[in-house]
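Numbering (this note's numbering), first residue to last: 4 to 764.
1. With distances taken from CA atoms, which of 65, 92 and 72 is nearest residue 80?
2. Can you give me the C-alpha to C-alpha distance between residue 282 and residue 269, rounded to a whole angstrom?
3. Which of the three DSSP states, helix, strand or coil, is assigned to residue 423?
4. Go through its chain and collect everything with a Cβ distance to residue 284's Cβ below 6 Å, but skip five positions before and after it.
5. In this structure, does DSSP put residue 165 in helix, strand or coil?
6. Is it the case that the segment 568-575 contacts the segment 544-557, given that we only count it when at least three CB pairs across the two stretches are under 8 Å?
7. Buried or exposed for residue 406, please, with buried defined as at least 16 other CB atoms from any protein chain shown within 10 angstroms of its CB.
8. Shorter than 7 Å from the beta carbon of residue 391 to some beta carbon of chain C?
9. What did DSSP end up calling residue 314 once you bin it into helix, strand or coil?
10. Alpha carbon to alpha carbon, how far is residue 72 from residue 46?
11. Would residue 538 be called buried (16 or more neighbouring beta carbons within 10 Å of its own) or exposed?
12. Quick check: the Cα distance between residue 602 and residue 352, rounded to an integer number of angstroms?
13. Per the DSSP calculation, residue 49 is bridged to which residue(s)?
14. Expressed to the nearest angstrom, what Euclidean distance is found between the alpha-carbon atoms of residue 297 and residue 332?
15. Taking residue 505 as the reference, give the member of 521, 458, 303 and 542 with the closest Cα.
16. Since residue 584 and residue 578 should fall inside the 8 Å C-beta cutoff, what is the C-beta to C-beta distance between them, to a whole number of angstroms?
17. Please determine if the segment 483-503 and the segment 459-471 are in contact, where contact requires at least 3 C-beta pairs separated by less than 8 Å.
18. Using alpha carbons as the reference points, say which of 615, 531 and 412 lies closest to residue 540.
19. What does DSSP give as the partner residue(s) for residue 282 in the beta ladder?
20. Put residue 228 into one of helix, strand or coil per three-state DSSP.
21. Which same chain residues end up closer than 7 Å to residue 350 when comparing Cβ atoms and leaving out the 5 residues on each side of it in sequence?
22. Say whether the segment 310-320 touches the segment 252-262, bearing in mind that this needs 3 or more beta-carbon pairs closer than 8 Å, one atom from each stretch.
23. Taking the alpha-carbon of residue 446 as reference, which of 424, 460, 436 and 432 has the nearest alpha-carbon?
24. Measuring straight from C-alpha to C-alpha, what distance separates residue 384 and residue 437?
25. Indicate the three-state DSSP secondary structure (helix, strand or coil) for residue 607 in the structure shown.
26. Can you tell which of 231, 98, 208 and 185 has the C-alpha that lies nearest to the C-alpha of residue 665?
27. Which runs of the alpha helix (DSSP H) spanning at least 4 residues fall entirely within the segment 396-468, listed in chain order?
28. Leaving out five residues on either side along the sequence, give the residues of the same chain with a beta carbon under 8 Å from the beta carbon of residue 339.
29. Roughly how many angstroms lie between the CA atoms of residue 357 and residue 511, to the nearest whole one?
30. Put residue 319 into one of helix, strand or coil per three-state DSSP.
31. Are the beta-carbon atoms belonging to residue 363 and residue 390 less than 7 Å from one another?
32. Excluding the five sequence neighbours on either side, which residues of its own chain have a C-beta within less than 6 Å of the C-beta of residue 624, listed in chain order?
33. Tell whether a beta-carbon distance below 7 Å holds between residue 453 and residue 421.
34. Would a C-beta distance cut-off of 7 Å place residue 479 and residue 670 closer than the cut-off?
35. So who's on the other strand from residue 258, going by DSSP bridges?
36. Less than 7 Å separating the beta-carbons of residue 68 and residue 96?
Structure, rendered in structure tokens:
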């Protein structure tokens, strides 16, 4: 074999065939591309031997790795190629086995037997005909012992059903019948499909299977009383480790307000610590003005419940009433900080930069293009054909997140969009000669527009990277937010060739939005106490603002105790900054050189801070803090679902109990996933924050179509169109088949037209 074949994709091949690749980081796409086939979207072509076959990237890796049985081995792959793909295949198998083992372990944990009823047996008359006159006895156990010829209607009507010998021949058919009844119930009750991925659903099935036939569903009274109370108590027990964490590392209280479509106002409180976010309480306050006093009173009650000694900060958005409440807290509890949400502040920075003329012009053109495509079913269908059913619009958790993600998506689909507006179908369409149709085509064919898109991505990218770090919260962000914004400023300067005329207005916006929000004494003290920054840049200790910040911080934490204040500032702080005593260890210095996935400055202080006990205690508390309240905000769908649906006239206390259980269950699910690197948390579960990329205030009428009756309100058409489009977006993170490759959720800025890669790894 030629050694050159070890390179899976040559420069020339990359130029001609890169557009046929799926947007994925899977190693398999280094060796193949999608074969252009409308009948089989999983058909791929090997770049080494040029052979085409079905089965997607999984089969492609088997082809390269010489795995026989499913596909013809590649005759030109090198040993290095084979090892690389074989390792990738083995990794998939490990994941599948881990998932299977996890599900088996989950089911094994279900046991409905009680001490008083170790075994429960039944006599089955149907068994007599098969095995003679003796009646057979069986224990209540797995569902497969009782599921033969399942007819739930018979159970409901007569309490009896036929029971025949279970044979492996019928097992598959019976499982299909079981799933039919489960799905029928889900369809009738509008249960979201992702609900079936929850562990609680799997546990429920296992419990039913262990019981056997004739399971009685809980009554409405039992659901609203008996079992709801039990679940509340279970949830409280489950939160015990979180409360212990609040005592050892401190915590942040996050608050936000929400109004539903009926203008009912609800406030909620969550508590964040390194273990994750938990929901504490909600309060309907439709009859109360959201004044500073009202907010302060609600937060004060939460502080008392959590324990004032455990609360380090309150995190809210920058609304004036919240800032007024912060002043009231300062008077009553001077040792607790009130900080602005970093997510909200960074979005203000991005919106301000996006409002600058050169960027606003590009955003306006991009939105007009997107709105035109999405405004008409025919243009939308045409676009999806050319992009292999990949949408342009990528809804984000905020309006600007939607803008950035959609710009990135447009850049990725530049070639396909140009092909679409150059095809015969477009030339023959009724949209070809419309004003907006001509304008959209002109935009797509304009190279200056695509250069502008690349410029936007280069400028917005560094701040979006910070936004993703804050929102992901896979490790506490307080110790990183100030340093990463400074790093983002430098990256923006570099992207604009250090041209002060270009970057000056941008840095001015960042500085203005950051002032008194993300540059407080708490943020800058966390910056100084993060050894990743200090030990890699000794100039930080000469920064007057930073040094003043830690002095002010110590004064706030220990008011009036001048002896302890001076001890921390003049004795312990120099030991840390000078890398003395335990800080001088090579392991300590090497351990903070890189801000890697496993580096946690709070844990670093736990390990090496014994020489400075007071500074160590405070460092652990502030470096364990979040900077965002988005973990509180992104769960408003729970409130919307509970408070806007008919709930059999449940009183407020039961509604609060239901919210407490649901909210914390959702948060626990998210806490499991939040440490997953590469998971795109800027993506939203609906298109609410991307509406201006999908529709405009005045819908463009279809060419040559009737205008409709005067009685038909345009608003209804617009709402219906939004509902139709939102169905195209995934409503929750859904687990996808390991053998099928989908578009990556990562924010990787396209390199075309000079844009550089932005990756948080």
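Backbone N, C-alpha and C fix where the C-beta goes; we use that ideal spot for every residue, glycine too. As the structure is a computational prediction, the values presented were derived from the model and not from experiment.
On the basis of the coordinates in this document:
1. 65
2. 14 Å
3. helix
4. 272
5. Residue confidence is low: residue 165 scores 46 on pLDDT, short of 50, so the model does not pin down where it sits. Its coordinate-derived value is still stated next. If DSSP states are grouped into helix, strand and coil, residue 165 belongs with coil.
6. yes
7. buried
8. Protein chain content of the structure displayed is limited to a single chain, and chain C is not contained in it.
9. strand
10. 18 Å
11. buried
12. 28 Å
13. 35
14. 12 Å
15. 458
16. 6 Å
17. yes
18. 531
19. 273
20. coil
21. 401 and 403
22. yes
23. 424
24. 18 Å
25. helix
26. 231
27. 402-415, 417-425, 427-430 and 438-448
28. 306, 311, 314, 315, 316, 317 and 332
29. 13 Å
30. strand
31. no
32. 253 and 315
33. no
34. no
35. 272
36. no
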